[in-house]
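*Asks:* Residue numbers (UniProt numbering), protein chains in the order written: chain A, 1 to 159; chain B, 1 to 159.
Mind having a look at this structure? Questions to follow.
There are 2 protein chains.
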Amino acid sequence: MEQQQLFITMVLNTWNLHISRTEKFFFDQPDEILLKPIAPGKNRPVYLLGHLVAVHDMMAEIMGIGGRKYQHLDNDFIKNPDGSAVDQYSLDILKQNWKEVHQKLAELFGTLQPEDWFKRHNSVSEEDFAKDPTRNRLNLVINRTTHVAYHLGQLKLVG
Amino acid sequence: MEQQQLFITMVLNTWNLHISRTEKFFFDQPDEILLKPIAPGKNRPVYLLGHLVAVHDMMAEIMGIGGRKYQHLDNDFIKNPDGSAVDQYSLDILKQNWKEVHQKLAELFGTLQPEDWFKRHNSVSEEDFAKDPTRNRLNLVINRTTHVAYHLGQLKLVG
C-alpha cells in the first residue's frame, strides 16, 4: 500500500471504529438512559448526542469540502452546557441527524484523493500552515477521533 | 517536512497532548478525589492510574523496542476490575510509575527512525501484517491515544 494511503487508512479506520461504537451506544440504549445525567450534575447522553452531531457537522466546512446542515444545534449543544433548552429536541430526530451527518462525511471523505488530506484546513492560516504542516485535514480527523473517544468513555459509564 | 515524519509527528503530538492532560489530572487532584468512584459503583481514578501505567508499560514490548517494568500491576489493574486489591498500592508510587513509564516511552520513541514506525508490532503475525500493513507500531500509538482519551473523559467528570 502506498505510504500516504496507508496512513489515511489507519486514521479513518480509527475514526470509523469510534463512530460505530458511539452510534451503537446511542441506538441501543433506552430513552430513559439517554435522558438521565451520566453522574449527578453532569451531562446527559442526549446532550452528548447533539454535541457530537454539531461538532461533526462542522468538520466538512473546516476541511473546506462541504457546508453545514445542523448549525441550529450549536447554541444549545456547543456554546451552552446541558440544560432545559435541550429538552425541546426529539431523541429520534437527533439520532437521525447523527446517521445523516456521518453518512455525509463518509461520502465526502470518499471523494478526497490521498494528497488532499494533507492540505490545510480552514482553522489555520496559510502562514501558520507553512510553519506547521501537521495542521492538515487528516489531523482534524485525528483530533475529532480523540474527542469522540473522550465522550464515549463518559457514555460507557452508564451503558 | 518529509511525509513519513509528518505522519509520525501528527500521531506523537496527539499522544503527548493526551498524556500531559491526563498527567495533569492525576497530579492536580487531591487524594480524596483520586480515591472516590467517578460515579456510583464505577472505577476510582486510582484504578485508572494503575490501569494506564500497566497498559502503557506493555507498549514497548508490543512494539518490540523494550521490556516491561510494571507487570506486577496487570492482575489488579487490567485483569480485574476496581476493588479492594487496589487499596494496597500507594498513590505516590503509582504517580511515580506514571512519570517513569512515559519518560521511558519518550526515550524509546526518540530512538526510532521514521521507517521503524511502519514495521509490524508483536500483537500481529507476519502473515496478518502482510495482509494488513496498518497494524504497525504507529497504529499502536494511535490506539493507545484513543484509549487514554476515553479514560480522560471519565476522569474529567470528577475533575
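From the three backbone atoms N, C-alpha and C, an ideal C-beta is built for every residue, glycine too.
Quick one, are the C-beta atoms of M59(B) and I142(A) less than 9 angstroms apart?
*Replies:* Residue 59(B) sits at position 59 when you count from the first residue of the second sequence. Residue 142(A) sits at position 142 when you count from the first residue of the first sequence. Going by C-beta atoms, M59(B) is not nearer than 9 angstroms to I142(A).
*Asks:* Given a cut-off of 9 angstroms, decide if K69(A) and V46(A) are closer than it, judged by their beta-carbon atoms.
*Replies:* One-based indexing of the first sequence puts residue 46(A) at position 46. One-based indexing of the first sequence puts residue 69(A) at position 69. No, Cβ-Cβ distance for V46(A) and K69(A) is not below 9 angstroms.
*Asks:* H151(A) versus chain B: which residues are under 7 angstroms apart at the beta carbon?
*Replies:* Locating residue 151(A) in the first sequence gives position 151, counting from the first residue. Chain B residues near H151(A): G153.
*Asks:* For L17(B) and T146(B), what's the separation of their Cα atoms in angstroms?
*Replies:* Walking along the second sequence from the start, residue 17(B) turns up at place 17. Walking along the second sequence from the start, residue 146(B) turns up at place 146. The alpha-carbon atoms of L17(B) and T146(B) are separated by roughly 12 angstroms.
*Asks:* Give me whichever residues DSSP pairs with R135(B) in a beta bridge.
*Replies:* Taking the second sequence and counting its residues from 1, the one referred to as residue 135(B) is at position 135. DSSP output for R135(B) lists no bridge partner at all.
*Asks:* Judging by CA-CA distance, which residue of R21(B), I62(B), K79(B) and L112(B) is the nearest neighbour of Q154(B)?
*Replies:* As a first step, residue 154(B) must be located in the second sequence, where it is residue number 154. Nearest C-alpha to Q154(B): R21(B).
*Asks:* Which of the three DSSP states, helix, strand or coil, is assigned to residue 222(A)?
*Replies:* Because chain A here runs from 1 to 159, residue 222(A) falls outside it and cannot be looked at.
*Asks:* Relative to the alpha-carbon of P114(B), which residue among D92(B), G67(B), V158(B) and L138(B) has its alpha-carbon at the smallest distance?
*Replies:* Within the second sequence, the letter at position 114 stands for residue 114(B). Here the closest residue by C-alpha is L138(B).
*Asks:* What residue range is occupied by the uninterrupted alpha helix (DSSP H) comprising I78(A)?
*Replies:* Residue mapping note: residue 78(A) aligns to position 78 of the first sequence, counting from 1. Per DSSP, I78(A) belongs to no alpha helix (DSSP H) and is neither H nor E.
*Asks:* Which of the three DSSP states, helix, strand or coil, is assigned to R21(A)?
*Replies:* Position 21 of the first sequence holds residue 21(A). Looking at R21(A) - three-state DSSP - the assignment turns out to be helix.
*Asks:* Do the stretch 111-125 of chain B and the stretch 117-127 of chain A make contact, defined as three or more Cβ pairs closer than 8 angstroms?
*Replies:* no
*Asks:* Does DSSP classify N120(A) as helix, strand or coil?
*Replies:* For this step, residue 120(A) is matched to residue 120 along the first sequence. The question names Asn, yet the displayed sequence has Arg at residue 120(A). Three-state DSSP puts R120(A) in a strand.
*Asks:* What is the DSSP secondary structure of A130(A), reduced to helix, strand or coil?
*Replies:* Indexing the first sequence from 1 puts residue 130(A) at position 130. Residue state, collapsed to three classes: helix.
*Asks:* Between the stretch 88-95 of chain A and the stretch 23-37 of chain A, do three or more beta carbon pairs fall short of 8 angstroms?
*Replies:* yes
*Asks:* Which residues, in order along the stretch 28-52 of chain A, keep a beta-carbon less than 9 angstroms from a beta-carbon of chain B?
*Replies:* Listed by position along the chain: I38, A39, P40, K42 and N43.
*Asks:* Could you pull the start and end residues of the alpha helix (DSSP H) that L91(B) belongs to?
*Replies:* Translated into positions along the second sequence, residue 91(B) becomes position 91. Element bounds for L91(B): L91 to T111.
*Asks:* According to DSSP, is E2(A) part of a helix, a strand, or is it coil?
*Replies:* Taking the first sequence and counting its residues from 1, one reaches residue 2(A) at position 2. E2(A) carries a coil assignment under DSSP once its states are collapsed to helix, strand and coil.
*Asks:* Going by CA-CA distance only, name the one from F129(B), A130(B), I65(B) and N43(B) that's closest to E107(B).
*Replies:* Residue mapping note: residue 107(B) aligns to position 107 of the second sequence, counting from 1. Among F129(B), A130(B), I65(B) and N43(B), the Cα nearest to that of E107(B) is on I65(B).
*Asks:* Quick one: give me the first and last residue of the alpha helix (DSSP H) that L34(B) is part of.
*Replies:* Along the second sequence, read from residue 1 onward, the residue named residue 34(B) stands at position 34. Its alpha helix (DSSP H) spans residues D31 to L34.
*Asks:* Residues of the stretch 8-29 of chain B with a CB closer than 7 angstroms to any CB of chain A: list them in chain order, please.
*Replies:* T9, M10, N13, T14 and H18
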